[in-house]
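Everything on this sheet refers to the single structure shown next.
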Amino acid sequence: MTHIAMPAIDEAVIGRRDEIVAGLVAILGAEHVIATEDERRAYETDALTAYRAVPLAVVLPGSTEEVSKVLAFLNGTGAKVIARGAGTSLSGGALPSEDAVVLGLARLNRIVDIDYANRVARVQTGVTNVNITNAVAGQGFFYAPDPSSQLACTIGGNIAMNSGGAHCLKYGVTTNNILGLRMVMLDGTIVDIGGSECDAAGYDLLGLVIGSEGQLGVVTEATVRILRAAEGARPMLMGFDSAESAGACVAAIIGSGIIPVAIEYMDRPAIKVCEAFAHAGYPLDVEALLIIEVEGSEAEIADLIARITGIAEAFKPSTLRISQSATESAAIWKGRKSAFGAMGRIADYMCMDGVIPTSRLPEVLSRITAICEGYGLAVANIFHAGDGNLHPLVLYDMNDPDQLEKAELAGGDILKVCVEVGGCLTGEHGVGIEKRELMSEQFTQVDLDQQMQVKSVFDPGWKLNPAKVFPLEGRPAVSA
Amino acid sequence: MSIAAPVTTPDDEAQLVEAVADAGARTVPLAIAGGATRLGLGRPMQTAESLSTANLTGITLYEPAELVISARAGTPLAEIETTLAAQNQRLGFEPVDHRRLFGSQGTPTIGAVAAANVSGPRRIQVGAARDSLIGLRAVTGAGALIKSGGRVMKNVTGYDLVKFLAGSYGTLSVLSEVTFKVQPSPETEVTLVLNGLDDDRAVEALSTALGSPFSVTGAAHLPAGDGDVARTLIRLEGFADSVDERMKDLVALLAPYGATESLDADATRTLWRAVGDLEALGAPDDAAVWKVSVKPSDGPAIAAAARAAFACRVVYDWGGGLVWIATETGGFDAGAAVIRDAIAPLGGHATLVKASDAVRLATDVFQPLAPPLMDLTRKLKARFDPAGILNPGRMYAGV
Ligand SMILES: Cc1cc2nc3c(=O)[nH]c(=O)nc-3n(C[C@H](O)[C@H](O)[C@H](O)COP(=O)(O)OP(=O)(O)OC[C@H]3O[C@@H](n4cnc5c(N)ncnc54)[C@H](O)[C@@H]3O)c2cc1C
Chain A
1 MTHIAMPAID EAVIGRRDEI VAGLVAILGA EHVIATEDER RAYETDALTA
51 YRAVPLAVVL PGSTEEVSKV LAFLNGTGAK VIARGAGTSL SGGALPSEDA
101 VVLGLARLNR IVDIDYANRV ARVQTGVTNV NITNAVAGQG FFYAPDPSSQ
151 LACTIGGNIA MNSGGAHCLK YGVTTNNILG LRMVMLDGTI VDIGGSECDA
201 AGYDLLGLVI GSEGQLGVVT EATVRILRAA EGARPMLMGF DSAESAGACV
251 AAIIGSGIIP VAIEYMDRPA IKVCEAFAHA GYPLDVEALL IIEVEGSEAE
301 IADLIARITG IAEAFKPSTL RISQSATESA AIWKGRKSAF GAMGRIADYM
351 CMDGVIPTSR LPEVLSRITA ICEGYGLAVA NIFHAGDGNL HPLVLYDMND
401 PDQLEKAELA GGDILKVCVE VGGCLTGEHG VGIEKRELMS EQFTQVDLDQ
451 QMQVKSVFDP GWKLNPAKVF PLEGRPAVSA
Chain B
1001 MSIAAPVTTP DDEAQLVEAV ADAGARTVPL AIAGGATRLG LGRPMQTAES
1051 LSTANLTGIT LYEPAELVIS ARAGTPLAEI ETTLAAQNQR LGFEPVDHRR
1101 LFGSQGTPTI GAVAAANVSG PRRIQVGAAR DSLIGLRAVT GAGALIKSGG
1151 RVMKNVTGYD LVKFLAGSYG TLSVLSEVTF KVQPSPETEV TLVLNGLDDD
1201 RAVEALSTAL GSPFSVTGAA HLPAGDGDVA RTLIRLEGFA DSVDERMKDL
1251 VALLAPYGAT ESLDADATRT LWRAVGDLEA LGAPDDAAVW KVSVKPSDGP
1301 AIAAAARAAF ACRVVYDWGG GLVWIATETG GFDAGAAVIR DAIAPLGGHA
1351 TLVKASDAVR LATDVFQPLA PPLMDLTRKL KARFDPAGIL NPGRMYAGV
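Here it is, written out as structure tokens:
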């Protein structure tokens, strides 16, 4: 089918399927173990839908203790374990294998405690990202990292992927907003890392676990930082005739000492599709569109907008529109946040996630276009311009195996360019299976060995989500 | 305090790799030093030789428009700060200078800022040093040169060893080069001062300020002492008009806490440097000094427990969540049992940042970890430094 290889399937585990299912039922009861093929199929893929595998079984534990019992049991069976939040991973992070049990966190969906005085909330990891903000919004607070998938994705998935969002330019990504975790290791041991205070004691295990793509343990609870929201926020739209002007404008704004909460970029193909979907009032006659958002009090917003438009003038924007109402602001953001969905209505796409130094923006964008043209594919670009995190959407037709392969090759070439200019393979979606074999573009084998040593400490038998992150070649023998 | 001779001082990364590999081959434990300003921090070590990064100097990349700077580990912090200031930028997490605290002479280096995760008052708003650290190169105890992260603002490629190595005090690797994200410096800054509050009220006032939409970048409390009245300090930064407006709003918000005064930009700069450098802890000479991290509302209870048991001076930062306690009379364990017993039911941790060698030998300097975490800690140490030659025992016995 496609050219991303998967590790060998352990047929012996598959042979013990009934026994394993019976053991899981004994722990959780039949209602929380999904064993029929039809129902298991619902878990065969994530948002990287080109890859699928029906798992051995799916379990839905309801507490940390149940997660611990399930893992301790599975640890003895040889089955692999894939933790799963909402399955919105774009890199195949939650993709199972036929010899793996999927451990879904959907029932761990409680907000345990909200502490406004100390500006933290304790949540179970199956809680969706947006529900944290919803729970604290009444008091004027919010949880800062806001992936576009925030209506669906879980905080557990965010922790595994160290997810970002449009507003992380100012507020940081997941790892900057988590103070404590409860995690269950494959042998069932429950560990509490950090707490509600700053800078957890000892080595920074929080930093290690966040972004480890579900390979070190199953995270069941988290203490997240909640922040008081600014008094108000306002986006503005700026259209430019060229990527160069848009890129230079972004650099000038940041160089002037202003860090807007968000600077989002869309190119012409992306603008067209998003506008058709969201009717956000995006200009259709520009090569590059920036959505720049500032926040603060009315006076601060007015002041920042004046400064930014003053800076932008030098780059001759062909459109410059400041949102005049809450409705207009919502429409502007709806267009951006539904961009991936909107693209999905017109074509299948591979969503790349490379990061580049922002000064290389125009050059890299034209190379991306050239790469895709070389494979006969179209591309649309939607991304976080302030931090150089690109999301080229390589468009293809999923029903054409040849096109899928070309899209993957184009994606690989794009990411190599990102690394070549000083950037990296992934800024927020994670390596998953998608970028696994490209890791050697960015890292030496020595670098990778050191990371794999970490995996081996937490998961000596390489059973937790093992198909991901590290190239299949060069792994420790035990992982085979 | 000086480091154990002989001292190897590599001139470049290749020599650094060689020096570590050589010590590994001979199984000679090394004390790792940058500018040697914080050698008093940690458990006393039995090291026969030392390795200094003092000659690994120089800024290797600075792109103001991309808010990023890279430097070799031994580069003086002062050089970084001067270079950034020339472009009106700064390290957001506000690294503090511990020379006064330790009575040390050396030159603080950027590598040590990363290795000890040194953050100042602005940590409460922008995060710790580790949050601004986006890339590094390091030599493990096995003599392997590794890199993690990079020079771009967002990066989730592979495990985040950057965070893991930050704050590991040279026990896992010797940092060779570090990359930080930087911030524009604000146009101006001011401080709002509340006078005469007791600790509980002060922390409440700080929480109110930090829970407001006014972007507080410093929240400290200096309790009354030696005839001085208690001062509760709240800092705002930004464009002048915005700061003025937020200051007015904040004054109104904090009216229930009594009269306020405000300090201008110059006074604010001097004051917060003094807060970060712990001048309010008084003469540090013979004092044992604790750094306690708890949730802000628990800060006053920790201080009260310490005060009830022994004479001490206390400074609160980070909205009350960082409690510095200095004592000459804490007893043989410098008050460890009292402080850690007070923390136990609440959550948090205490580090004995400074004390005599004898006390630091007899007392856990870093917060003892729960058994599963200690187990992970030992196993991870073994994977980064299998022969145990890098700062052995500095954080925990056998680590
Ligand atoms: C339309 C769309 C827009 C998106 N926009 C963004 C964006 O703006 N920014 C961004 O960063 N990402 C974005 N994503 C990617 C995705 O939403 C994130 O990676 C998200 O964090 C995944 O969360 P999830 O709950 O769906 O996790 P899943 O997809 O279920 O799992 C992702 C990974 O996390 C692991 N995992 C899940 N839960 C746990 C747990 N409790 N313990 C241990 N490991 C766990 C899984 O094993 C897997 O490796 C987008 C995706 C889509 C489809």
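Line by line, the protein sequences are chains A and B.
Every letter in the first sequence is one number past the one before it in this note's numbering, and letter 300, counting from 1, is 300.
Convert by adding 1000 to the 1-based position in the second sequence; the result is the number in this note's numbering.
The C-beta atom is built at its ideal place from N, Cα and C for all residues, glycine as well.
Using only the heavy atoms of ligand 1, determine whether one of them is closer than 8 Å to the beta carbon of residue i.
i	result
I82/A	yes
E295/A	no
V218/A	yes
C424/A	no
N1117/B	no
I159/A	yes
K468/A	yes
T175/A	no
C153/A	yes
E428/A	yes
I163/A	As written in the sequence, residue 163/A is Ser, which differs from the Ile given in the question. The answer is yes for S163/A.
Quick check: is the beta carbon of residue i nearer than 9 Å to any beta carbon in chain B?
i	result
A331/A	no
C198/A	yes
N162/A	yes
C168/A	yes
H384/A	yes
I193/A	yes
M439/A	yes
R182/A	no
M1/A	With a pLDDT of only 42 at M1/A, under 50, the local geometry of the prediction cannot be trusted, and the value read off the model is given with reservation. Taking Cβ atoms only, chain B never reaches closer than 9 Å to M1/A, which makes this a no.
C249/A	no
I254/A	yes
T175/A	yes
H391/A	no
Find the nearest neighbour of residue i within the set the options, judged by alpha-carbon distance.
i	options	result
K406/A	L390/A, A378/A, I382/A, E428/A	A378/A
P96/A	A106/A, G257/A, A79/A	A79/A
T319/A	E298/A, R84/A, I292/A, L105/A	I292/A
D46/A	K337/A, V454/A, T77/A, S149/A	S149/A
T426/A	E300/A, D146/A, Q403/A, H384/A	H384/A
A144/A	K170/A, G126/A, V123/A	K170/A
Does residue i come within less than 9 Å of chain A when only Cβ atoms are used?
i	result
W1318/B	yes
V1315/B	no
A1166/B	yes
M1001/B	With a pLDDT of 48 at M1001/B, under the threshold of 50, the predicted position of this residue should be treated as unreliable, though the coordinate-derived value follows. For M1001/B, the answer is no, since every Cβ of chain A falls outside 9 Å of its Cβ.
Y1396/B	yes
R1153/B	Looking at the sequence shown, residue 1153/B is not Arg but Met. Yes, its Cβ sits closer than 9 Å to a Cβ of chain A.
P1401/B	In the structure as shown, chain B begins at 1001 and stops at 1399. Residue 1401/B is therefore absent and cannot be evaluated.
L1016/B	no
State the start and end residues of the unbroken beta strand (DSSP E) segment that holds residue i.
i	result
T1217/B	1216–1222
G966/B	Since the first residue of chain B shown is 1001 and the last is 1399, residue 966/B is not available in this structure.
S1052/B	1049–1052
T1260/B	1260–1263
V1353/B	1349–1354
A1326/B	1322–1327
Going along chain D in order, which residues have a C-beta closer than 7 Å to the C-beta of residue i?
i	result
R1130/B	Considering every chain present, this structure includes no chain D. Its protein chains are A and B.
Since residue i is in the alpha helix (DSSP H), which residue starts that stretch and which ends it?
i	result
V235/A	The residue you asked about is not Val; residue 235/A is Pro in the sequence shown. First-last for P235/A: 232–240, but that is the beta strand (DSSP E), not the alpha helix (DSSP H).
C351/A	Premise fails: C351/A lies in the beta strand (DSSP E), 348–351, not in any alpha helix (DSSP H).
K316/A	First-last for K316/A: undefined, no H or E at that position.
I14/A	11–15
For a test of your reading of the model: does the CB of residue i fall under 8 Å from any non-hydrogen atom of ligand 3? Yes or no.
i	result
D46/A	Ligand 3 is absent from the structure shown, which contains only ligand 1.
| field | Every unbroken beta strand (DSSP E) inside the stretch 1111–1141 of chain B [3 residues or more] | value | Here the runs fully enclosed are 1133–1140.
| said: I'd like the ranges of any beta strand (DSSP E) spanning at least 3 consecutive residues and lying wholly in the stretch 84–138 of chain A. | reply: Within the stretch 84–138 of chain A, the complete beta strand (DSSP E) runs of at least 3 residues are 100–104, 111–115, 120–124.
| task | Only counting runs of 3 or more residues, tell me where the beta strand (DSSP E) segments fall wholly within the stretch 144–196 of chain A, in order along the chain. | result | Here the runs fully enclosed are 178–184, 190–194.
| task | Run through the stretch 232–308 of chain A for me and flag every whole alpha helix (DSSP H) of 4 or more residues, listed as ranges in chain order. | result | Within the stretch 232–308 of chain A, the complete alpha helix (DSSP H) runs of at least 4 residues fall at 243–255, 268–278.
| said: Just to confirm the assignment: which complete beta strand (DSSP E) runs, minimum length 3, are found wholly within the stretch 1158–1213 of chain B? | reply: Within the stretch 1158–1213 of chain B, the beta strand (DSSP E) runs of at least 3 residues that lie entirely inside it are, in chain order, 1173–1181, 1188–1195.
| Whole runs of the alpha helix (DSSP H) within the stretch 386–433 of chain A, excluding any shorter than 4 residues | List check, alpha helix (DSSP H) in window: 401–420.
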